[in-house]
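Asks: Here it is: the structure, laid out below.
There are 2 protein chains.
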Amino acid sequence: MSTATPTSRSLADAFTAKGLRLTAQRRVLLEIIESATSHLDAAGLLQLARDRDARINRATVYRTLEILKKLGLIDELDLMHLNGEKHYYEIRTGRDHIHLACFECGRIEEYESPVFDQLKQEIAQKQGFSIGVVRMEVGGRCSICVRANSREQ
Amino acid sequence: MSTATPTSRSLADAFTAKGLRLTAQRRVLLEIIESATSHLDAAGLLQLARDRDARINRATVYRTLEILKKLGLIDELDLMHLNGEKHYYEIRTGRDHIHLACFECGRIEEYESPVFDQLKQEIAQKQGFSIGVVRMEVGGRCSICVRANSREQ
DNA sequence: GCCTTAGTTGCGACTAGTCGCAATAGAGGA
DNA sequence: TCCTCTATTGCGACTAGTCGCAACTAAGGC
């Protein structure tokens, strides 16, 4: 959920463009991240990587994620700690979005809005803050659970 | 950084009002949290609590913070992991605010805005989401560091 | 195709936070 | 004031994430 849009076609391209080495481990990790359809956590990423190739260490997964964060190619999410302390990751594609986490059913919704864009612009202008990353998460009850509850009594 | 404003005068009052026991450990922790002037982390809170009273365990600190979060009396912050993975806590006072974390100097700024309030309202209305907690954090460079850098070359 | 070398990896030990369980101690009633 | 009962605590073991260091290997030069 952050500000610039990546310019390179693939994550691997971005790595080599920055003079970073494309090791076997990184190649696997980057492919998995690129093809992921849902929010990945580090443990899941490690598992998928090991399924595909063998020798890869937990620390390498974390270090690779760290680099991708710093390059602004992925965003790190807490998802309001719905499933404990762990973090989730998603590729930074187009526009920043807000994550809405339902404490009742666990659903995660993504939300984008011109007002959100306006808010970021305001922070940059009024506060003189040069924005690198934005993370906005909301916890509560999704529309489905709200409706279900009001029907209940 | 969240939505409802607490109604009770002190955290201890809120505990008893909810039928929660006021143990010696909780009394100490709540007092420290109430009188804190800066963002506290769990380890700092534990240390301060042990300085004041003796027997208090790490787990109790985390459990007490958990309760306060659930009651909406404190907010949990990451501060963009400026100092590693740990969390910070602040009493929920008036209006929700955004935390701006400078990656260069480590300064934390707090920012509030009608646009932020409007955004939350929009999420509730358009998405039908019942908001419990909102966390918005921005990482980048503060105005001071931006100015310093532009002057540099 | 081989050498060199600096970036990267795995390992193991560490910090932050969570959880189950038995022991303890608030708080309300007698 | 004492008793009871259940919420709460401490403990120890666990998960998630980080870090220093020695071993390894990608990538560029010959």
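Chains H and P are the protein sequences, given in the same order. Just so you know, my numbering puts 151 at position 151 of the first sequence, and the rest follows in order with no gaps. Just so you know, my numbering puts 141 at position 141 of the second sequence, and the rest follows in order with no gaps. The beta-carbon is built from N, C-alpha and C at its ideal position, and this holds for glycine as well. Please read these numbers as outputs of a predicted model, since none were measured by experiment.
Quick one: what's Tyr62 (chain P) bridged to in DSSP?
Replies: According to DSSP, Tyr62 (chain P) bridges with nothing at all.
Asks: Consider the Cβ of Arg141 (chain P): report whether some Cβ of chain H lies at a distance smaller than 9 Å.
Replies: Judged by the 9 Å Cβ criterion, Arg141 (chain P) is in contact with chain H.
Asks: Over the uninterrupted alpha helix (DSSP H) stretch that includes Leu119 (chain P), give me the two end residues.
Replies: It spans Pro114 to Gln127 - the alpha helix (DSSP H) in which Leu119 (chain P) sits, taken as one unbroken run.
Asks: Quick one: any contact between the segment 111-130 of chain P and the segment 65-80 of chain P, if contact means 3 or more CB pairs under 8 Å?
Replies: Not touching, per the Cβ criterion.
Asks: Is the CB-CB distance between Met136 (chain P) and Ile108 (chain P) below 9 Å?
Replies: Not in contact: Met136 (chain P) and Ile108 (chain P) (Cβ atoms no closer than 9 Å).
Asks: With DSSP collapsed to three states, give me the class of Gly44 (chain H).
Replies: Reduced to three states, the DSSP call for Gly44 (chain H) is helix.
Asks: Nearest by alpha-carbon distance to Leu119 (chain P): which of H:Arg95, H:Leu79, H:Val138 and H:Gln125 is it?
Replies: Here the closest residue by C-alpha is H:Val138.
Asks: Output the distance between the C-alpha atoms of Val146 (chain H) and Asp53 (chain H), rounded to the nearest integer angstrom.
Replies: Approximately 44 Å between the Cα atoms of the pair.
Asks: Does Ser35 (chain P) come within less than 9 Å of chain H when only Cβ atoms are used?
Replies: Judged by the 9 Å Cβ criterion, Ser35 (chain P) is not in contact with chain H.
Asks: Please return the same chain residues whose Cβ sits closer than 6 Å to the Cβ of Val61 (chain H), not counting the five positions on each side in sequence.
Replies: Correct list, in chain order: Ala42, Leu45 and Leu46.
Asks: Using CA atoms only, rank isn't needed, just tell me which of P:Leu20, P:Val115, P:Glu112 and P:Cys105 is closest to Thr64 (chain P).
Replies: Taking only the C-alpha atoms, the option nearest Thr64 (chain P) is P:Leu20.
Asks: Please report the distance separating the alpha-carbon of Ala101 (chain H) from that of Met80 (chain H).
Replies: The straight-line gap from Cα to Cα measures roughly 7 Å.
Asks: Does DSSP put Asp51 (chain H) in a helix, a strand or coil?
Replies: Looking at Asp51 (chain H) - three-state DSSP - the assignment turns out to be helix.
Asks: Please confirm whether Val61 (chain H) has its beta-carbon closer than 9 Å to some beta-carbon of chain P.
Replies: Closer than 9 Å: no.
Asks: Just checking my contact of Ala12 (chain H) with Leu22 (chain H) at CB under 8 Å: how many whole Å lie between their CB atoms?
Replies: That belief holds up - the Cβ atoms of Ala12 (chain H) and Leu22 (chain H) are roughly 6 Å apart, short of 8 Å.
Asks: Select from P:Glu76, P:Asp75, P:Ile123 and P:Ala49 the residue whose C-alpha is nearest the C-alpha of Ser143 (chain H).
Replies: If we check each option's Cα against that of Ser143 (chain H), P:Ile123 comes out closest.
Asks: Have a look at Asp51 (chain P) and Gln25 (chain H) and give me their C-alpha separation to the nearest angstrom.
Replies: Approximately 47 Å between the Cα atoms of the pair.
Asks: Apart from the five residues on each side of it in sequence, which residues of its chain come closer than 8 Å, Cβ to Cβ, to Val115 (chain H)?
Replies: For Val115 (chain H), where only same-chain residues beyond five positions count, there are no Cβ hits under 8 Å.
Asks: Report, in whole angstroms, the separation of the C-beta atoms of Leu49 (chain H) and Ile67 (chain H), which I expect to be a contact under 8 Å.
Replies: According to the sequence displayed, residue 49 (chain H) carries Ala and not Leu. Rounded, the Cβ-Cβ distance is 15 Å, inconsistent with contact.
Asks: How big is the Cα-Cα spacing for Ala148 (chain P) and Cys105 (chain P)?
Replies: If I take the Cα positions, the gap works out to 11 Å.
Asks: Does the Cβ of Asp117 (chain P) have 16 or more other Cβ atoms within 10 Å, making it buried, or fewer, making it exposed?
Replies: Classification for Asp117 (chain P): exposed.
Asks: Smallest Cα separation from Leu40 (chain H): which of H:Tyr111, H:Leu77, H:Arg151 and H:Val28?
Replies: Residue H:Leu77 is the option with its Cα nearest to Leu40 (chain H).
Asks: I'd like to know whether the C-beta of Glu109 (chain P) is nearer than 9 Å to at least one C-beta of chain H.
Replies: Cβ-Cβ to chain H under 9 Å: yes for Glu109 (chain P).
Asks: Would you tell me roughly how many angstroms separate the C-alpha atoms of Asp75 (chain P) and Leu29 (chain P), rounded to the nearest one?
Replies: Asp75 (chain P) and Leu29 (chain P): Cα-Cα distance of roughly 15 Å.
Asks: Look at the alpha carbon of Ser113 (chain H) and the alpha carbon of Ser10 (chain P), and state the distance between them as a whole number of angstroms.
Replies: Each residue's Cα considered, the two are about 37 Å apart.
Asks: Would you report the Cα separation of Arg27 (chain P) and Arg151 (chain P), rounded to the nearest angstrom?
Replies: Distance between the alpha carbons of Arg27 (chain P) and Arg151 (chain P): 50 Å.
Asks: Between which two residues does the alpha helix (DSSP H) containing Asp13 (chain H) stretch?
Replies: Run containing Asp13 (chain H): Leu11 to Ala17, per the alpha helix (DSSP H) assignment.
Asks: Going by CA-CA distance only, name the one from H:Arg92, H:Tyr111, H:Gln125 and H:Arg55 that's closest to Gln125 (chain P).
Replies: The candidate whose alpha carbon is nearest that of Gln125 (chain P) is H:Tyr111.
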